[in-house]
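Going down the list, the protein sequences come from chains U and A.
For any residue, its number in the numbering used here is found by taking its place in the first sequence, counting from 1, and adding 378.
Position 139 (the second sequence) corresponds to 129 in the numbering used here; numbering is contiguous.
Reviewing the structure listed below.
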Amino acid sequence: MSVTAIDTWARPRQRQGALARLFDWKPFLVFICLLPAVGLLLVFLTYPLGLGIWLSFTDTTIGRAGQWVGLENFQYLFEEPIFWNAVFYSVFYTAVATVGKFGLGLWLALLLNNHLPFKSILRAIVLLPWIVPTVLSAIAFWFIYDTQFSIISYLLVEVLHVRETNINFLGEPWNARWSLIAANIWRGIPFVAISLLAGLQTISPSLYEAALLDGASPGQRFRYITFPMLLPILAIVMTFSIIFTFTDFQLVYAITRGGPVNSTQIMATLAFQRGIPGGQLGEGAAIAVSMIPFLVFATLFSYFALARRKWQQGESND
Amino acid sequence: MNNLTRRMALGLAGSTIAAAAMQGGEAWAQAAPAIPTSPATMPRLPIEANAELRLIRPSRFVPPDEVIFRESLAKFTQATGVKVTADFVGWEDIGSQTAVTANTGAGPDIVVGFGQSPHIYADKVIELTDIAEYLGTKYGGWMFLGEKYGKKNGTNNWIGLPMGGSTGPIVYRKSAVTEAGFSEVPQDHAGFLNLMKAMKRINKPGGFALGNAVGDGNGTANWLLWSHGGRMVDEEGKVAINSPEALASLNYMKELYPTFVDGTLSWLDPSNNRAFLAQQVFLTPNGVSLYFAAKNDPATQAIALDIEHAPMPRGVAASTPQSATILNAMVFKHTRFPNAAKALLAFMMESDQYDRWLTGCLGYWSHPLKAYSSSAVWTSDPKIAVYKEGMNHRFWSGYSGPISQAAGTVESEYIMVQMYSSVASGQATPQEAIRNAERRIRRYYR
């Protein structure tokens, strides 16, 4: 890059120089380095999302390209009781299951945070429900909840004699709704527990020692040390958990297919039901697109509410 | 080996397949009983050089279905040198795979799909009129549903080749019905309701699937509607569900539902089979697979001996109000070997292959060609006689409109099932349920 060199080797140097200068030019270099990542995002995220949104404004069916119909799909859905039922149950399912998962998950995390014998093995076992493929656990639950062959009914009727008849777990709307929520909580606890356990272990023991010296009770230690220190990770885990639960598909589809009479239909299963077996791709896409506002809201809530410094540190307005 | 047979086959001008069928036929001549045939000339279909075929069809419910089907394909390869690759696809996936094949113009040459598919993709499949007419002439004509699903609506052009149909009549335990005080399953609504009530009383209840089950759930709904003289759409495909007949069927449902075993609202397709074999349910509509499973398992021999079949109660319908799940073969235009594909389909329907398949499956896929009514399978076990007329039912999915995609969508959306289950569960009054179903059906029939 010396000045004399340019004079002597004018032609070859200039050619190389152009390329080298191009690569030395920062905006270009940034662009080139980002290209693989941007390409992946465009192909695997933006395109499917864009296609989904486009489809929701058309009357595409499987086997026939659709025409632009504007908001017709949404207008039809907004008048349809089945859709509103799915919206209701999606929100209800997410809310109840999230509360359950966090209550039990936090409890489990606190227990596992103590010094127990066989600590690592216990933690591995706790992860099991999360490791098992969802469809397998769903099929297991399908049997547990079967009207004729349920193990729970068997225990209650044949062994403990506290009931006369089998419980109709999946045949009654509310029974089916609660049964699915229980299955979802069972599956979701390990994720919450292990994530919160990781959070618990980052809390410095010196804080607890200081609190002990000050004579804080276990309840006070939890309220003023554990909980505030855990809030940032709680916000992240909760965001993920809400998104996973709201978009859950396999459990519901494998256990009830949305029945009885659509009472356990959630938006994800309804979108699939309409789009693939029903062949109405446009309508299915419209249902899927209707999930976006809920997910955006849940994410914003978690980030802006739970992750606020004031909340985390327990301060009042400054 | 293949080359030799192909050269031989090609050398025989004109009746390549007839020769092939004869070659294959000799080996089975003793085993196969005589199926009456009339003289017919196999259309001239010179097989293309180096032909290779790919075929997909729905997976089996009874094991011999796949074994014998594959053996027949192998015989075709042996006779003609055409290599055939067959894939067995899950029942729920075959529809979307057919759609992808039709839209992309790639994939299997032959799809043995379900009823409506050739009608949905009518402009993407080749006409099969020549082989269908040949088979019809040779084997005593096509049965009602064979013709209905084979011919393009309102024409004499065959676009599909129905290979069989699976029906779900009443499967019941003789002992339970006798104990309830009946000698047979009554064919009228009131009598059938009395039987169901009596069976519930002796704690040996029946049950019909009312969950989101593609086969069994829709079977229940169709039977209720048709046996009351109702129909979903009229001949032109205009929605006709809002009728006094449909209302009567919903009111009947309200009375019938309390006699069912618990949990029918959550039943998926396998549920009634399981409950029946576990002696929790003593009367349910199903294909022959239930009897087949009981008969072939030493543990359930006693149940198999006690099983009887009866047609679905007719009610006010002129004939048994039931349809069949049709196995309908189609050849896509994108195939490079249309003659080989047609030859293969005809070959599979010839008595040497077809009768073995029919017999091996114990009549699981009822035959679409009249001559096969004299197949030994129908006399081998008197209990399965009711399946013999499976393809002769006078009803079809989307009755009484044209066979269309909309009819298929209504079924896979469980609109009719949910009309009945919402009334059964008390979520809607019959009037509300009808209005709701009408609104949903209208959207797909617009």
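Ideal placement from N, C-alpha and C gives every residue a C-beta, glycine not left out.
For the region 526 to 540 of chain U, residues whose beta-carbon sits nearer than 8 Å to a beta-carbon of chain A comprise Q526, F527. For Y162 (chain A), the uninterrupted beta strand (DSSP E) segment begins and ends at 160 to 163. Your pair V474 (chain U) and I559 (chain U) checks out as a contact, with CB atoms roughly 5 Å apart and the cut at 8 Å. Annotation: I393 (chain A) is outside any beta strand (DSSP E) and is labelled neither H nor E by DSSP. Interface with chain U (8 Å Cβ-Cβ cutoff): D252 (chain A) is included. Taking a Cβ-Cβ cut-off of 8 Å, the neighbours of Y454 (chain U) in chain A comprise R433, given in sequence order. Comparing alpha carbon positions, the residue from A:M186, A:V57, A:F250, A:K128 closest to P33 (chain A) is A:K128. With a beta-carbon spacing of about 6 Å, I46 (chain A) and V101 (chain A) fall inside the 8 Å limit used to define contacts. For the pair S256 (chain A) and G201 (chain A), the CB atoms are nearer than the 8 Å cut-off. For P414 (chain U), the enclosing alpha helix (DSSP H) stretches over residues 404 to 419. In this chain, the beta strand (DSSP E) harbouring A76 (chain A) covers 73 to 79. Collapsing the DSSP output to three states places R191 (chain A) in a helix. Contacts between N202 (chain A) and chain U, judged by CB atoms closer than 7 Å, involve R635, G636, G637 in chain order. Listed along the chain, the chain U residues whose CB falls inside 8 Å of the CB of S28 (chain A) amount to none; the nearest CB is some 38 Å away.
Residue burial annotation: R565 (chain U) is buried, with at least 16 other C-beta atoms found within 10 angstroms of its C-beta. Beta-bridge partners assigned by DSSP to W148 (chain A): A:K141. Taking the Cα of E42 (chain A) as reference, the smallest distance to any Cα among A:T325, A:G126, A:P260 is reached at A:T325. Against chain U, the CB of S412 (chain A) has a partner CB under 8 Å away; the residue lies at that interface. By the C-beta criterion, the region 183 to 196 of chain A is judged not to be in contact with the region 389 to 403 of chain A, since fewer than 3 inter-stretch pairs fall below 8 Å. Between the alpha carbons of N262 (chain A) and G277 (chain A) lies a gap of roughly 11 Å. About 7 Å separates the Cβ atoms of G353 (chain A) and K378 (chain A), confirming a contact at the 8 Å cut-off.
Look at the region 494 to 561 of chain U and you find no whole run of beta strand (DSSP E) that is 3 residues long or longer. Neighbourhood of T369 (chain A) in chain U, by CB distance below 7 Å: empty, with the nearest CB roughly 35 Å away. In the structure shown, the three-state DSSP call for V102 (chain A) is strand. Runs of the alpha helix (DSSP H) lying entirely within the region 241 to 274 of chain A and spanning at least 4 residues, in chain order: 261 to 267.
Between E428 (chain A) and chain U, the shortest Cβ-Cβ separation is not below 8 Å. The three-state secondary structure of P48 (chain A), taken from DSSP, is strand. Using a CB distance below 9 Å, the part of the region 441 to 473 of chain U facing chain A consists of G441, R442, A443, Y454, E457, E458, P459, I460, ordered along the chain.
With fewer than 16 neighbouring CB atoms inside 10 Å of its own CB, Q598 (chain U) falls in the exposed class.
Taking 8 Å as the cut-off, the Cβ atoms of I116 (chain A) and V321 (chain A) count as close. The distance from the Cβ of E38 (chain A) to that of N241 (chain A) is about 59 Å, inconsistent with a contact at the 8 Å cut-off. Under a criterion of Cβ atoms nearer than 9 Å, no residue of chain A is adjacent to N491 (chain U); the nearest Cβ is some 40 Å distant. Rounded to the nearest whole angstrom, the C-alpha separation of R425 (chain A) and G253 (chain A) is 26 Å. Each residue's CA atom was taken as its position, placing N562 (chain U) and L500 (chain U) some 21 Å apart. Assignment of I316 (chain A) by DSSP, reduced to helix, strand and coil, places it in the strand class. Only residues of its own chain outside the window of five on either side were considered, and among them W148 have a CB closer than 8 Å to the CB of E123 (chain A), listed in chain order.
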